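**Q**
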Amino acid sequence: MKLMNKPSQLRALSCFCSILLLLEFVFVAAEDPYRFFDWTVTYGDIYPLGVKQQGILINGQFPGPEIYSVTNDNLIINVRNNLTEPFLLSWNGVQQRRNSYQDGVYGTTCPIPPGQNFTYTLQVKDQIGSFFYFPSLAFHKAAGGFGAIKILSRPRIPVPFPEPAADYSLLIGDWYQINHKKLQGVLDFGHRLPLPQAVLINGRPNGTTFTIEQGKTYRLRISNVGLENTLNFRIEGHSMKLVEVEGTHTIQTKYSSLDVHVGQSYSVLITADQAPKDYYIAVSTRFTDKIITSTAILHYSNSQQSVSGTIPGGPTDQINWSIEQARSIRTNLTASGPRPNPQGSYHYGLINISRTIILSSSAAQVNKKQRYAVNSVSFVPADTPLKLADYFKIDGVFKVGSIPDTPSRKPMYLDTSVMGADFRAFVEIVFQNNENIVQSWHIDGYSFWVVGMDGGVWTPQSRNEYNLRDAVSRSTTQVYPKSWTAIYIALDNVGMWNVRSEFWARRYLGQQFYLRVYSPVGSIRDEYPIPKNALLCGKAAGRTSR
Numbered sequence: 019m020k021l022m023n024k025p026s027q028l029r030a031l032s033c034f035c036s037i038l039l040l041l042e043f044v045f046v047a048a049e050d051p052y053r054f055f056d057w058t059v060t061y062g063d064i065y066p067l068g069v070k071q072q073g074i075l076i077n078g079q080f081p082g083p084e085i086y087s088v089t090n091d092n093l094i095i096n097v098r099n100n101l102t103e104p105f106l107l108s109w110n111g112v113q114q115r116r117n118s119y120q121d122g123v124y125g126t127t128c129p130i131p132p133g134q135n136f137t138y139t140l141q142v143k144d145q146i147g148s149f150f151y152f153p154s155l156a157f158h159k160a161a162g163g164f165g166a167i168k169i170l171s172r173p174r175i176p177v178p179f180p181e182p183a184a185d186y187s188l189l190i191g192d193w194y195q196i197n198h199k200k201l202q203g204v205l206d207f208g209h210r211l212p213l214p215q216a217v218l219i220n221g222r223p224n225g226t227t228f229t230i231e232q233g234k235t236y237r238l239r240i241s242n243v244g245l246e247n248t249l250n251f252r253i254e255g256h257s258m259k260l261v262e263v264e265g266t267h268t269i270q271t272k273y274s275s276l277d278v279h280v281g282q283s284y285s286v287l288i289t290a291d292q293a294p295k296d297y298y299i300a301v302s303t304r305f306t307d308k309i310i311t312s313t314a315i316l317h318y319s320n321s322q323q324s325v326s327g328t329i330p331g332g333p334t335d336q337i338n339w340s341i342e343q344a345r346s347i348r349t350n351l352t353a354s355g356p357r358p359n360p361q362g363s364y365h366y367g368l369i370n371i372s373r374t375i376i377l378s379s380s381a382a383q384v385n386k387k388q389r390y391a392v393n394s395v396s397f398v399p400a401d402t403p404l405k406l407a408d409y410f411k412i413d414g415v416f417k418v419g420s421i422p423d424t425p426s427r428k429p430m431y432l433d434t435s436v437m438g439a440d441f442r443a444f445v446e447i448v449f450q451n452n453e454n455i456v457q458s459w460h461i462d463g464y465s466f467w468v469v470g471m472d473g474g475v476w477t478p479q480s481r482n483e484y485n486l487r488d489a490v491s492r493s494t495t496q497v498y499p500k501s502w503t504a505i506y507i508a509l510d511n512v513g514m515w516n517v518r519s520e521f522w523a524r525r526y527l528g529q530q531f532y533l534r535v536y537s538p539v540g541s542i543r544d545e546y547p548i549p550k551n552a553l554l555c556g557k558a559a560g561r562t563s564r
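Going left to right, the sequence shown walks through residues 19 to 564 as my numbering numbers them.
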């Protein structure tokens, strides 16, 4: 090799190296921040109802640790599974842009074997708001393993309300004293579950305390992490100003109580403007024959009196009341979202619909066992995660189109149901509920506009009732008994995405499917490659990730 010994050559090399160092510095400086989490999942004794039961703990905590983040942060979450069976965590409402491999449901991700670990790499890309994580396999969700996720706006992005004095997460949900494996066994034998025994607020049925100071305003992030029941949330003597729903800033309407359906999250502001004493926070079941109520305490720091008297009552079985409240929740069009441009700058109501999908839920016996279905198809898991089978082009795992776009007159049947969809399509989805219960539906990887809901059977004329201006954008929506709910969704996120009932027994027994949003280009602009650390199982075992 000929050495460079001329001054001009050395100067050129020095200049070139300086440019490389500068570019590297600019790249690193411009990269979004990283937050690291190291979690160990174990079984442990918990006493939410005063008697010992087996719970799922994360770093010894029930509920699990809170995830605090800012828009575009990279979250590196190392999960070590010290249970005696496989385990997965999923991230309710986190969109996993271009990266369904990290979604943490069995259709996308191999379970973490006992005694092993897996490191999730998530980015909360272009998101703000209130969400939660939960265990997605078997019936683990009935034992804990869930926790809150906060995504704050970046410092220079305006938020449509002053910074609160504090920001509290409240995880509410129905709860069984029965061991989660016994609950799963009841379902495996083809039976329905009994009613839950309690409602928990941050892991306790009573006594959780939130301290506030006179005259100050506080943010409460309320998530229903339960298994099936809609819950009504209220605070004695205080109104709640709704400001955010699952990543969307809302018109700031005041409510005396809020219906929070399974899988949903809300942010409200409360002001400590009452007499200095302690007040009940009440959470109770809705639309149930037996009303279960639990309480927490809103404690003024200068309190002169403990809670006393009657727990404030709430609505019980009033469907119309709940529908009217749901319709009143609308997007704040002038507020910024995760980016500085107003939320109303995307005019979803002016975009032509390229496809209409009608999803009808049903319950029936298959092979003398209770099952639940969407468009007559009751989902059964394959032996290989669908996303891995798709990536490795493994035949015989699933078939795109194995669930129809509209309700079928066929009797209920079992299949690994996958619906195909084109990348960048703009789709109308109608959830049709012909049953006598309130349902709750979630779509991973997306938020969508809830454009309409009403009683009866949806028809094309129902579009005349749609809100095409300021419908709320969220990832989980309710469907009332004998009613329909319509959403618009822009399919701008390539991947394999779980569409599911949030009624966990129904999901476990088949009321779910996967939406395969596909781009033929195969570019990393549309979808990230399979993670280098991807666990490979089933028919993907022994293959190379990258």
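C-beta atoms are modelled at their ideal positions from N, C-alpha and C, and glycine is treated no differently. Computed from a prediction, not measured in an experiment: that's the story for all the values here.
What residues match up with residue 532 in a beta bridge as DSSP calls it?
**A** The residue labelled residue 532 in the question sits at position 514 within the sequence shown. In the DSSP output, where bridge partners are listed per residue, residue 532 has 436 and 516.
**Q** From the DSSP secondary-structure annotation, give me the bridge partner or partners of residue 242.
**A** As a first step, residue 242 must be located in the sequence shown, where it is residue number 224. Residue 242 is bridged to 190.
**Q** Could you check the C-alpha separation between residue 69 and residue 321 for me, to the nearest Å?
**A** Along the sequence shown, one-based indexing puts residue 69 at 51. Along the sequence shown, one-based indexing puts residue 321 at 303. Distance between the alpha carbons of residue 69 and residue 321: 31 Å.
**Q** Could you tell me if residue 42 is buried or exposed, where buried requires 16 or more neighbouring beta carbons within 10 angstroms of its beta carbon?
**A** By 1-based counting over the sequence shown, the position of residue 42 is 24. For residue 42, the predicted structure reports a pLDDT of 34, less than 50, and the residue's modelled location is therefore unreliable. A value from the coordinates is still provided. The residue in question, residue 42, is exposed, as its Cβ has fewer than 16 Cβ neighbours within 10 Å.
**Q** DSSP on residue 5, reduced to helix/strand/coil?
**A** Look at the range of the chain in this structure, 19 to 564, and you will see that residue 5 is not part of it.
**Q** Pull up the CB-CB distance for residue 283 and residue 340, whole angstroms please, since I reckon it's below 8 Å.
**A** Position 265 of the sequence shown, counting from 1, holds the residue named residue 283. Position 322 of the sequence shown, counting from 1, holds the residue named residue 340. With 8 Å as the limit, residue 283 and residue 340 do not qualify as a contact, their Cβ atoms being about 17 Å apart.
**Q** Keeping to the same chain, check which residues put their C-beta closer than 6 Å to that of residue 209; ignore five residues upstream and five downstream.
**A** Counting from 1 along the sequence shown, the entry for residue 209 is found at position 191. Closer than 6 Å at Cβ, skipping near neighbours: no residue.
**Q** Would you mind stating whether residue 430 and residue 389 have Cβ atoms separated by less than 8 Å?
**A** Residue numbering aside, residue 430 sits at position 412 when the sequence shown is read from its first letter. Residue numbering aside, residue 389 sits at position 371 when the sequence shown is read from its first letter. Taking 8 Å as the Cβ cut-off, residue 430 and residue 389 qualify as a contacting pair.
**Q** Which runs of the alpha helix (DSSP H) spanning at least 4 residues fall entirely within the region 387 to 435, listed in chain order?
**A** 404 to 410
**Q** Return helix, strand or coil for residue 360, following the three-state DSSP convention.
**A** Start at 1 with the first residue of the sequence shown, and residue 360 comes out as number 342. Residue 360 falls in the strand class under three-state DSSP.
**Q** By the three-class DSSP mapping on this structure, what secondary structure does residue 40 have?
**A** Reading the sequence shown from its first residue, position 22 is the one you call residue 40. No answer about residue 40 holds up, because its pLDDT of 33 lies below 50 and its placement is not dependable.
**Q** Considering only C-alpha positions, which residue in the set 171, 423 and 448 is nearest to residue 436?
**A** Here residue 436 corresponds to residue number 418 of the sequence shown, with the count starting at 1. With distances taken between Cα atoms, residue 436 lies closest to 423.
**Q** Based on Cα-Cα distance, which residue from 301, 459 and 106 lies nearest to residue 517?
**A** Taking the first residue of the sequence shown as 1, we reach residue 517 at position 499. Considering only alpha carbons, the answer is 459.
**Q** Per DSSP, residue 317 forms a beta bridge with which residues?
**A** Walking along the sequence shown from the start, residue 317 turns up at place 299. Beta-bridge pairing links residue 317 to 229 and 296.
**Q** Check this for me: beta carbons of residue 368 and residue 195, under 8 Å apart or not?
**A** The residue you call residue 368 lines up with position 350 of the sequence shown. The residue you call residue 195 lines up with position 177 of the sequence shown. Cβ atoms of residue 368 and residue 195: not closer than 8 Å.
**Q** Near residue 485, what residues of its chain come up, given a Cβ to Cβ distance below 6 Å and the 5 sequence neighbours on each side ignored?
**A** Residue numbering aside, residue 485 sits at position 467 when the sequence shown is read from its first letter. If we look at residue 485 and ignore the five residues flanking it on each side, its Cβ neighbours are 469.
**Q** In whole angstroms, what separates the C-alpha of residue 62 from that of residue 222?
**A** The sequence position of residue 62 within the sequence shown is 44, counting from 1. The sequence position of residue 222 within the sequence shown is 204, counting from 1. Roughly 16 Å between the two C-alpha positions.
**Q** What residue range does the beta strand (DSSP E) around residue 259 cover?
**A** Residue 259 sits at position 241 when you count from the first residue of the sequence shown. For residue 259, the enclosing beta strand (DSSP E) has its first and last residue at 258 to 263.
**Q** As a quick exercise: from 115, 191, 245 and 217, pick the residue whose alpha carbon is nearest that of residue 202.
**A** Indexing the sequence shown from 1 puts residue 202 at position 184. Of the candidates 115, 191, 245 and 217, 245 places its Cα closest to the Cα of residue 202.
**Q** Around the Cβ of residue 213, are there at least 16 other Cβ atoms within 10 angstroms (buried) or fewer (exposed)?
**A** Here the question's residue 213 lines up with position 195 in the sequence shown. Classification for residue 213: exposed.
**Q** Just checking, does the region 297 to 304 make contact with the region 262 to 273 on the three C-beta pairs under 8 Å criterion?
**A** no
**Q** Please determine, among 216, 149 and 381, the residue with the shortest C-alpha to C-alpha distance to residue 65.
**A** Residue numbering aside, residue 65 sits at position 47 when the sequence shown is read from its first letter. If we check each option's Cα against that of residue 65, 216 comes out closest.
**Q** Give me, in chain order, the residues of the same chain whose beta-carbon lies closer than 6 Å to that of residue 175; leave out the 5 immediate sequence neighbours on both sides.
**A** Taking the sequence shown and counting its residues from 1, the one referred to as residue 175 is at position 157. Excluding residues within five positions, the ones whose Cβ falls inside 6 Å are 354 and 358.
**Q** If you scan the region 163 to 226 from start to end, which runs of the beta strand (DSSP E) of 3 or more residues do you find wholly inside it?
**A** 165 to 170, 185 to 193 and 216 to 219
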